[in-house]
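Residue numbers (the numbering used here): 20 to 107. Following: one structure in structure tokens, then a few remarks.
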């Protein structure tokens, strides 16, 4: 019984351990924006190492969806942020 509990606890801890952040490289980000035809300025890396899309208010939804799709294909960390600039 104690061994089962210890194994279960270890499995939970191992599953929650942060994985080393080796993604994204500048080349991978460049490939994502190139594939979607988006300006490189739209894609940033946040302080937590995750990609963020910062797009103008009139950005085409299809282009934004393409960026999200390509980031997912490249293995981007979850919780990709999307920030929309206020209109000026």
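Virtual Cβ for every residue (Gly too), placed ideally from N, Cα, C.
For this session: Would you tell me roughly how many angstroms separate the C-alpha atoms of residue 95 and residue 77, rounded to the nearest one?
Result: 25 Å
Problem set entry | Where residue 70 falls: helix, strand or coil (DSSP) | strand
For this session: Excluding the 5 residues preceding and the 5 following residue 47 in the sequence, name in chain order all residues of the same chain whose CB lies nearer than 8 Å to its CB.
Result: 93
Problem set entry | Alpha-carbon spacing of residue 45 relative to residue 60, whole angstroms | 12 Å
For this session: Run the CB neighbour count on residue 57, radius 10 Å, all protein chains shown included, and call it buried at 16 or more, exposed below.
Result: buried
Exercise. Any idea if residue 91 is buried or exposed, counting beta-carbon neighbours within 10 angstroms, 16 or more meaning buried?
Worked result: exposed
Exercise. What does residue 62 pair with, by DSSP beta-bridge criteria?
Worked result: 72
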